Each structure stands twice: as C-alpha cells, then as structure tokens.
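One structure below.
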C-alpha cells in the first residue's frame, strides 16, 4: 500500500524536478510514476523485511517521449529507500548506461532533491588485469605464454603494441587512468585489449599480489556502499548464474529495473547456450598433458601438482577416444548435403548414438575438469603460502593460464551434457545443431545448443528470489498484448502490466504509406529489383532517410542498382561502424546535404535521430524471422507439437514487435514529423496484415490498395 507520506514524497520530488527544469507535467509520465510506485509499495514484507507473496513485478510499456527514465527513478528510489532495499538499474546498451550515469541520475540529484549514491558496474572484461599486462611485457616467449592449443604459438608483441602496453602501465601507475577501458582517451581494438583482461576462472582474487591495485576490485568495493547500481543485462544474468550477490547486491534485498526489457529473454537464453568445436577440442585435450608436464617440471616435481597431473592422463585419453567416435557421426550428417553449412536436429532430438557418445564425453571431460580444478586449487593455496613446495611466484604465473584452460574444458563438458540430456516432456526444448566452420582453409565442426525459452531460468534465478522488479521499454507488447512477453520472461499471466498512451500526435505528425507494388517478398529477386526502382525514385527527393532491409544481399543489391548520384548519399551498414554512420549522417544534415542510411535489423532500434535528422523511414520487407534459424525453427516445431500454430502464435507477434520498433525510429520528439514507407504489400493482401497495421501507432495512412 502506498502510504500518504511516501506518496507525498514522490509527488514533491516530481514537482521539484519539473519546477527546477522549467518543464510541464506529462500525462503518461505521471501515470507511469503512479503505476510503478503502487506496484512496489503493495509488496508485502515479513518481520525481517523479506518479500511475502508473488505480486512483486510491474511491467510498463512507455513509448518514446514519455520520459520513462525520470518516471521509474522518481517512483522506485523513494520506495527502495523506505524499504531499505538496493536498486539495480539494468539496460541492454552501453549508450543508455552512459546516459543514465552522465545525464539522468545527476539531473535527479540536482533537480528533484533526492540524495542518491550510484555507481556504474561493469564486468571484468572492461578492466585491465595488471598481472596479464605485466606477463605480456616481461615474459615474451616464456612458458608463461602457454598456448591453449598445440598449434598456437606464444604471442610475440610487435613494437607498437609493446609501446602501447607500456603506456597503459604508465598511465595506471601515475593515476592518469583507472584501468577502465571506457575511460581511455583513445579506442583500443578488441584484439589488443582482450589479452589484458581476466575472468572469474583466471582471477586469483585476494591472493593476487596486485589485488589492492586491481581496477576491477577497486570498482567493486564502491558498489557495496551505494544505493543504486547501474549495470547491463549480461552482468545481472552472470551474477544470478553465480547464485546472486556475487557481483551485485543480494537479489532478496534488491529492486531491479530492467530498461530495454524486451532484450532480457534473449540475453538470458544466450547465457545458457553452449558450443564446442570438434577439432579444436581435440587439440585442447591433446595439449593438456604437455602443459601439465611443463608445470610439474618447473615446480621441480612437487607432489601436490604431480599427483593430479598424473591422474589427468586417463580421463584425457577417454575424452579423446570419445571425440574420435563422435567425429564420423557428425561428418555423416553432411555427407548427403555437401553444400550445407549447418544441420539442425528436428525438435532438438539427437540420434541415440550421438547422445550416448556425448554422455561418455560428459563423464570424461568432467573428470578432466575436476583434476584441473585440483591443480588450480593447489596453485591458489600456494599463493596463500599454504603449500611450501610450490613457489608463490610460479603459482601466480600459472594460475590464470590454468584457470582459462579449466574454463575451456568446462565449456566442453557443458556442451556435451546438453547433447546427452533429453528434454523433459512438456517443457520447452533445447535447440541443437552442428555447423561446418571453414577457417583459413581448415574445416572444423562446431556443436551448438541453446534453450528456445529462458522462462523457467528467469523464474527460478530472478523472479523467485528478487524483492521486486520493474520491466519497461518503448516496445513490450506484440499485437497490442503482453502475453508473449510474459511467456518469454516466465512471469505469471496476472502480472501487473500497463501500456501507456504515447504523448505524440501521430495522426497529424506522421504518415504511414504502403505504395502499390507489382511484387512481394515471396519472389525475392523480383521484389528486390522493384525495391531498388522505388528507392531510386524516392531517394532522389529525400533529405534525411533511413532504409531498413531484411537481408544483407537485398541491401547490397539495392545499393548496386542505384545511380552514382544516390550512391554518394548512402551510408551503408558494413562500410563504416554504426557510430561513424550516425555521426557522418548528422554532419551531412547539419551541412544541408541529403543523407541516407542503409541498415539491417540493428538499425531498427536504438537509433535516435530527432528533428531534421530523420524525416523518412523506408522498410523494405515485413520483419519476419529467418526461417532456418535453429532456435526459431525448434521453437516453431514445439509450438506445433503443443497444438498451436507457430506462424500465428509466434511469427506474426514477433514481426509485429519488430515492425513497431522500426516505425518508432521516425518520431523522437513531439515536434518531429515525417513519413514511414512500407514496401511489402502483404500487409494489405494477407489476413495477418490487418493485425500488424492495427498494432502500429495511429499515423495517417496512405495505402494504395
């Protein structure tokens, strides 16, 4: 129940914010504040402040222009303070995180009169590992540069990279840099940065000689003292996978805000997807005895290391033997279809022979993993001074490398288990497939698995354990309903959901046009040719346009068909980075030049080009999923098996959500205006077309049918 004092506190903060900023109240924003505050305040608590009951999640769809960031902050923060709970604010994109930390939160503190301590949380991969960079600079060519595969050579740094690494060390030592990749003045390529980072398998934590200066742990210390932590979905899911509270605050004492919440289900599925390459795994295992032998030799035969190293021999041999048995099974899948690069197992069901082989591989690789864990534990204890026969400096050198090796073997065992384990009857299946990978003339086979639904995982690890949560985004509904989202996220059907009215005057500010066309995407070649013709005519008059394509081939073909005068206006995805395309587009528009962006699905969301930066959005095809995607195909089979219709129950709602996101690129402020052009006549000629049109914002329509 939202008591009077808490209600007045929220209203006062909102009034102060509006008054200080000279803004007027927005109806949808006020409604969002009220909905979230009431939802969280209604959560029952026990004597120790623990949550009682299951009505603790609020879902809000709030379109562009609502001011949803201010709304959820002004509603959640007072409730969290009153309940003595932490807040974790999670987003899907770095750009929104930066906006929150650099703009929105400082504005709340300054203008709303709310005192709030906050900190941006990032994964280890964003921070420099001091041990790693020291090893790269000091031990070139040494056994410390242990390759994971036998055909890998120890990396020799070129002079420019070596100078760059030294400069990073100097910056860190002098206090001019804090070890955070995002705080460097210049951008570093991933191939240069990645060797300088660690993960939880390689990190020796407090046992590390550089622990007190570690950029990652220095940042972690600050998280314990703040009320609000800004994170991303991947980091939240990683923390939950570790049991919760390992990186971020304890879920039981946390209110989560998931902005860009439509990405949460896909992110969760990705966290439980596994892969392993057959040939690479064989080389990995073949190299283990040699690597452990080198370690034991350097440790002068220390028994604590020698014993587990010797016990590794048998399970490594067993795992290699099983991989040899799996090899012909996988190659046989491609014998009848030599042109195919991927083979999917229908309904995720693998053959009995492959399942049994993967069961054996699970057993042997888990035994390898257990013995490697023993080696890593010995090195850890040696760093703490508990094992005198193993030199501490030796342990410090080998620990991160053996930790990484252990992690790779674990990945292999998880993949094997996912192929060996049969899906539970009545539960959503796991998609399983094999891909043929060509790399520098060498061919390898990659086994992959991924759950088609993360609903059960999210329910168990997030919703069942957190104190409360808010899920919000500009696009959460599909065909105007929340059913699909709730099912994806594992939330009950009676979850509190609210779809807010858009503040935009769509009818008077925008037009949705469906021009007459001779073809539709059922004939891809003819449709692409007609799309190219229409673009030639339209783009000759366009000032600032975004053209969204469904495939790389269609985009490149349409571009090739354009005259030079139009090609010179086009900024195409793949030619430049996303950031460079948007920057160049804005510069052209500012200079009074015409500019056109050609992009794929990634440009259909997260692109913010207000005012004159975008006046026309052209969508070449309804955004249905790729029919041969292994996860989507397995999900479609499962829906049909359950008596549903995969096209109407899944494909159409998914396309509706994507189309709404794409259309949403046009109006970004109340002053914007423009036109959306849809070059797919199926929206008129097919029965599902009316459903898709009705779910779109109420633009004025010009439909030539």
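Numbering (the working numbering), first residue to last: 2 to 706. Ideal Cβ placement from N, Cα and C applies to all residues, glycine included. Just so we're clear, the structure is a prediction, and the values are computed from it rather than from any experiment.
Per the Cβ contact rule, the stretch 7 to 23 is not in contact with the stretch 44 to 58 (fewer than 3 Cβ pairs under 8 Å). Excluding five sequence positions before and after residue 328, the CB atoms of its chain that fall closer than 7 Å to its own CB belong to 279, given in chain order. Per DSSP, residue 699 is not a residue of any alpha helix (DSSP H), being assigned neither H nor E. Going by C-alpha positions, residue 318 is about 9 Å away from residue 365.
Judged by pairs of C-beta atoms under 8 Å, the stretch 249 to 260 touches the stretch 462 to 474, as three or more such pairs exist. Look at residue 257 here: in three-state DSSP terms it is strand. Between residue 373 and residue 410, the beta carbon gap of about 6 Å places them in contact (Cβ cut-off 8 Å). Residue state for residue 43 is assigned as coil, using DSSP reduced to three classes.
With 16 or more neighbouring CB atoms inside 10 Å of its own CB, residue 203 falls in the buried class. Where residue 276 is concerned, the enclosing beta strand (DSSP E) starts and stops at 275 to 278.
Look at residue 356 here: in three-state DSSP terms it is helix. Counting along the chain, the unbroken alpha helix (DSSP H) around residue 420 starts and ends at 393 to 421.
According to the DSSP assignment, residue 132 belongs to the alpha helix (DSSP H) that extends over 131 to 139.
Put simply, the stretch 20 to 34 does not touch the stretch 124 to 134. Fewer than three CB pairs are less than 8 Å apart.
For residue 327, the enclosing alpha helix (DSSP H) starts and ends at 314 to 336.
Sequence-distant partners of residue 370 (beyond 5 residues in either direction) whose C-beta falls short of 7 Å from its own C-beta, in its chain, are 407, 410, 411, 414.
Following the DSSP letters along the chain, one finds residue 461 in no alpha helix (DSSP H), marked with neither H nor E. The C-alpha of residue 477 lies about 16 Å from the C-alpha of residue 73. Comparing alpha-carbon positions, the option among 539, 687, 134, 93 lying closest to residue 194 turns out to be 134. Counting along the chain, residue 498 sits inside the beta strand (DSSP E) bounded by residues 497 to 500. Per DSSP, residue 679 is one residue of the beta strand (DSSP E) stretching across 675 to 679. Per DSSP, residue 599 is one residue of the beta strand (DSSP E) stretching across 596 to 600.
Look at the stretch 84 to 138 and you find these whole runs of alpha helix (DSSP H), each 4 residues long or longer: 95 to 100, 106 to 112.
In this structure residue 502 is exposed. Its beta-carbon is surrounded by fewer than 16 other beta-carbon atoms within 10 angstroms. In the structure shown, residue 233 falls within a strand segment according to DSSP collapsed to helix, strand and coil.
With contacts defined by Cβ atoms closer than 7 Å, residue 491 and residue 446 do not form a contacting pair. One thing to note: residue 700 has its Cβ no nearer than 7 Å to the Cβ of residue 571. Linking residue 495 to residue 271 through their CA atoms gives a straight-line distance of about 27 Å. Shown here, residue 450 sits in a strand according to DSSP, grouped into three states. DSSP places residue 553 inside the alpha helix (DSSP H), whose first and last residues are 553 to 561. If the five residues before and after residue 393 are omitted, its C-beta is found closer than 7 Å to the C-beta atoms of 383, 384, 386, all from its own chain and listed in chain order. Each of 538, 18, 169 was checked against the Cα of residue 185, and the nearest Cα belongs to 169.
Distance from the CA atom of residue 82 to the CA atom of residue 603, rounded to whole angstroms, is 37 Å. DSSP places residue 685 in the helix class (H, G or I) of the three-state scheme. Assignment of beta strand (DSSP E) within the stretch 586 to 652, counting only whole runs of 3 or more residues, yields 596 to 600, 617 to 620 in chain order.
Of 584, 588, 595, 590, the smallest CA-CA separation from residue 568 is found for 595.
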